[in-house]
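**Q** This is the structure I have questions about; it appears just below.
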Amino acid sequence: MDARNFTFMFYGFLAAWLIVLIYVISLARRGARLKKELDNVKQLLKEPSLTEPRP
Amino acid sequence: MRPIRQVFAVARKDLAIELRTKESLNAAGAFAIAILLLFSFAFDPDSEQTHRMAGGLLWLVFTFAGALVFNRGFARELPNECLDALLSSPLSAPSLLIGKALANFVMLIAVEIVSLIVFGIFYNVQWLNRPWELAALCVLATWGIAILGAVFGALTVNLRLRELMLPVIIYPLLIPLLIAAIELTNTLLSNQPLTPDQLLWGRVLVVFDIVFTSLAFALAETILVN
Amino acid sequence: MREKVAIGLSIAAGLLLTYTLYSMFLVLPDEAMQGAIYRILFFHAPAAIVGMIGYFVALTLSVLYLSSGNFKYDSLAASVIEVSLVFSVVNIVTGSIWARIIWGIWWTWDYRLTSALVCVLIFAGYLMMRKAIEEPTQRARLSSALCIFGCVDVVIVWKSIEWFRNNHPGPVLSIRTGGGTMDPAMEHIFYWNFLALLLIAAALVLVRTRQEATAREIDSLRRLANAI
Chain A
0 MDARNFTFMF YGFLAAWLIV LIYVISLARR GARLKKELDN VKQLLKEPSL
50 TEPRP
Chain B
0 MRPIRQVFAV ARKDLAIELR TKESLNAAGA FAIAILLLFS FAFDPDSEQT
50 HRMAGGLLWL VFTFAGALVF NRGFARELPN ECLDALLSSP LSAPSLLIGK
100 ALANFVMLIA VEIVSLIVFG IFYNVQWLNR PWELAALCVL ATWGIAILGA
150 VFGALTVNLR LRELMLPVII YPLLIPLLIA AIELTNTLLS NQPLTPDQLL
200 WGRVLVVFDI VFTSLAFALA ETILVN
Chain C
0 MREKVAIGLS IAAGLLLTYT LYSMFLVLPD EAMQGAIYRI LFFHAPAAIV
50 GMIGYFVALT LSVLYLSSGN FKYDSLAASV IEVSLVFSVV NIVTGSIWAR
100 IIWGIWWTWD YRLTSALVCV LIFAGYLMMR KAIEEPTQRA RLSSALCIFG
150 CVDVVIVWKS IEWFRNNHPG PVLSIRTGGG TMDPAMEHIF YWNFLALLLI
200 AAALVLVRTR QEATAREIDS LRRLANAI
C-alpha cells in the first residue's frame, strides 16, 4: 500500500486528537482563570471596608 | 390598532425616514454598483461563462448590499431612545418586527431594480425576457433576506460590533435561500424552461419564507424585549 | 459530584478508545480499496454525528430556557454548542486529510462538506454573539433565539445543499443501507468509537457547564460588591 496512506492516516489521527487536546487545554486555562477571579471577588467582599456600616 | 395596520404604520415610518435621508438606499445602491464594477475585473463581462453565472453574481450583490440596509433598520431607532419608545408603545412586537422587515424588503427591491438595470447594461444580460417569473422570484427571495435581516438586526442592535456581527451571523443562514435564488435566476436569465427539479428550488424559497416568518412571529417578544 | 461524573465518563471513554484503537490497528485489516487511511472514518463520521446531535440538543435546551427562564438551560446549551463545534471541526479536518489521499484534493464543495462548514459558521457566529453581550439575561435570551434559528436553518441547509451537490461517499452503515456495504467487524468498532466520542463530549460539556455556572457566580458577586 502507498506509504503516503499511512502517513496521512497518522496526520488524520493527530489532527483529530490535537484539536480535542487544544480545546481541553483552553478549557483548563479558562477554569483556572475563573477560579482565580472567583477567589478575588470573594476576597473583595470579605474586606472590612465593604461590609462595615459607615459612621 | 389592528396588527396589519401596525405593520404598515411601522413600514411607512421607516420608508418616510429613508426617503427623507436616503442614507441606506444611497449606500446600498452605490455599494451594489461598485461590486458589479469589481466583478467586471474578476470575470470577463462578455464571456458565456459569466452569463451562466449571472444569477450568482446578482444575488451576491443583493445580499452584500442588503447588509447595509439591515444594519440601519433598528440602529436608526437607537438615538434619543426611540427603540425604547417603540417597545413601550401599544405596537405588538411581531408587528414591529414584520413592519421593519417590510421596510427592508421595499428598500432591497429598489436596490435590486437599480442593480438589474446596471447589470443588464454592464454585462449585456437580457433580464426582461421573463419579467413576471423573475419578479416572483425576487419577491420570494428578497422577503426571506428581509425577514432574517430584520430579526438579526434586532438581535444585534445593542452589540458593540454590530456592523461586523450582523453579516457574519446572517450570511450562513441565507445559504439555502441563495442557492435556490441563484439556480432559478440562472435559468430565467438564460431564458431556459424551468424543469420540475428547478421548481423544487421555488418550493425551497416558499418553505424558507414561511418557516422563518413564523419563527420571527413566535420569537418577536423574545428578540425585542429589553 | 459533577467532577466525579466527568472523570467517570472520561475513564469510560478512555477504556473504550483503548479497545477500539487496539481493534482498529491490530485486529481489523486494511480496507480493500483505501488501504490504511480508511481508519480515519472511525473518527470522522462519529465526530460529525456527535456534532449534529449536540446542535439539536442545544435547540431543545434553548426552547426550555425561553419557556422556563432557568439559566442552567442556557449554560448547558452554550456548553453543548461549543463542544459540538469542536467535534464538527474535527470532522471537517479529518475529512480533508482523508480526501487529500483518496480524491487528491483537500476540499471539494460536495453537499456534506459544505453543509458541515455552514453549520460551523452558524454556531461560531452564536459563540461570537455570546461573547459580545455582557448582560446575562439578554445574552441568554438572544443566544436562545439565534440557536433556534440556526438549528432550523441547519435542516434546510442540509437538504438544499444535498439537492444542489452530491459527490461525497454514500451511506455505508447497515442501519441506513440494510447491510452489505461495510464489514460488520468494522461497523462494530465504528459504533463503539461513536460511543467513546459521545462520552468525551458529555464529559467536556459537564466541565464547561460548571465554568458557566462559576462565571455567573462571579458576575452576581461583582454586582453585589458594586451595590455595597
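Residue numbers (numbering that gives the first Met the number 0), protein chains in the order written: chain A, 0 to 54; chain B, 0 to 225; chain C, 0 to 227.
Built from N, CA and C at the ideal position, the CB exists for glycine as well.
Please identify, using Cβ separations under 8 Å, the residues of the segment 15-28 of chain A that lie next to chain C, in order along the chain.
**A** If the cut-off is 8 Å between Cβ atoms, the segment 15-28 of chain A has 15, 18, 19, 22, 23, 26 near chain C.
**Q** Who are the Cβ neighbours of residue 74 of chain C in its own chain at under 8 Å, not counting the five residues just before and after it?
**A** 208, 211, 212, 215
**Q** With a threshold of 8 Å between beta carbons, is residue 179 of chain B in contact with chain C?
**A** yes
**Q** Quick check: residue 205 of chain B and residue 139 of chain B, are their CB atoms within less than 8 Å of each other?
**A** Yes, the pair counts as a contact, with Cβ atoms nearer than the cut-off.
**Q** I'd like the ranges of any alpha helix (DSSP H) spanning at least 4 consecutive residues and lying wholly in the segment 42-128 of chain C.
**A** 70-101
**Q** Taking residue 164 of chain B as the query, report the chain C residues whose CB atoms sit under 7 Å from its CB, ordered along the chain.
**A** 127, 128, 131
**Q** Between the segment 204-215 of chain B and chain C, which residues of the former have a C-beta closer than 8 Å to a C-beta of the latter?
**A** 206, 207, 210, 211, 214
**Q** Hey, quick one: how far does the alpha helix (DSSP H) through residue 156 of chain B stretch, first residue to last?
**A** The continuous stretches of alpha helix (DSSP H) do not include residue 156 of chain B, and DSSP gives it neither H nor E.
**Q** Just how far apart, CA to CA, sit residue 6 of chain C and residue 191 of chain C?
**A** Taking the CA atoms as reference points, residue 6 of chain C sits about 19 Å from residue 191 of chain C.
**Q** When the Cα atoms are used, what is the spatial distance from residue 126 of chain C to residue 82 of chain C?
**A** 11 Å
**Q** Assuming contact is defined by CB atoms lying nearer than 8 Å, are residue 84 of chain C and residue 122 of chain C in contact in what I supplied?
**A** yes
**Q** Any heavy atom of the ligand MN closer than 7 Å to the beta-carbon of residue 106 of chain C?
**A** Absence of the ligand MN is noted for the structure shown, with no ligands found whatsoever.
**Q** In whole angstroms, what separates the C-alpha of residue 89 of chain B from that of residue 61 of chain C?
**A** 28 Å
**Q** With 16 as the cutoff for other CB atoms within 10 Å, does residue 104 of chain C come out buried or exposed?
**A** exposed
**Q** For residue 77 of chain C, I'd like the list of residues in its chain whose CB is within less than 7 Å of its CB, leaving aside the five on either flank, ordered along the chain.
**A** 129, 142, 211
**Q** So the alpha helix (DSSP H) residue 124 of chain B belongs to, where does it begin and stop?
**A** No alpha helix (DSSP H) holds residue 124 of chain B; DSSP gives it neither H nor E.
**Q** Who are the near neighbours of residue 203 of chain C in its chain, counting only those whose CB is closer than 7 Å to its CB and skipping five residues on each side?
**A** 82
**Q** In three-state terms, what does DSSP make of residue 42 of chain B?
**A** coil
**Q** Go through its chain and collect everything with a Cβ distance to residue 113 of chain C's Cβ below 6 Å, but skip five positions before and after it.
**A** 160
**Q** Quick one, are the C-beta atoms of residue 11 of chain A and residue 19 of chain C less than 8 Å apart?
**A** no
**Q** Three or more beta-carbon pairs under 8 Å between the segment 19-34 of chain B and the segment 109-119 of chain B, yes or no?
**A** yes
**Q** List, in chain order, every chain B residue whose beta-carbon is nearer than 7 Å to that of residue 46 of chain C.
**A** Under the 7 Å cutoff, chain B gives no residues; its nearest Cβ is about 20 Å from residue 46 of chain C.
**Q** At least one CB of chain A closer than 8 Å to the CB of residue 195 of chain C: is that the case?
**A** No Cβ of chain A is located within less than 8 Å of the beta carbon of residue 195 of chain C.
**Q** Hey, does residue 155 of chain C have any beta-carbon neighbour from chain B nearer than 8 Å?
**A** yes
**Q** Cβ of residue 168 of chain B less than 8 Å from any chain C Cβ?
**A** Chain C has a Cβ within less than 8 Å of the Cβ of residue 168 of chain B.
**Q** So does the segment 172-182 of chain B actually touch the segment 149-160 of chain C, counting three or more Cβ pairs closer than 8 Å?
**A** yes
**Q** Three-state secondary structure (DSSP) at residue 183 of chain C?
**A** Shown here, residue 183 of chain C sits in a helix according to DSSP, grouped into three states.
**Q** Going by beta carbon distance, what residues of the same chain come within less than 7 Å of residue 141 of chain B, once the five residues before and after it are set aside?
**A** 104, 107, 108, 111
**Q** Is the beta carbon of residue 8 of chain B less than 8 Å from the beta carbon of residue 96 of chain B?
**A** Going by C-beta atoms, residue 8 of chain B is not nearer than 8 Å to residue 96 of chain B.
**Q** Can a CB atom of chain C be found closer than 8 Å to the CB of residue 154 of chain B?
**A** yes
**Q** Could you check the C-alpha separation between residue 147 of chain B and residue 169 of chain B for me, to the nearest Å?
**A** 7 Å
**Q** Keeping to the same chain, check which residues put their C-beta closer than 6 Å to that of residue 86 of chain C; ignore five residues upstream and five downstream.
**A** Closer than 6 Å at Cβ, skipping near neighbours: 46, 49, 50.
**Q** Out of curiosity, what's the CA-to-CA distance linking residue 10 of chain C and residue 106 of chain C?
**A** 35 Å
**Q** Indicate the three-state DSSP secondary structure (helix, strand or coil) for residue 134 of chain C in the structure shown.
**A** coil
**Q** Please confirm if residue 65 of chain C has its CB atom under 8 Å from at least one CB of chain B.
**A** yes
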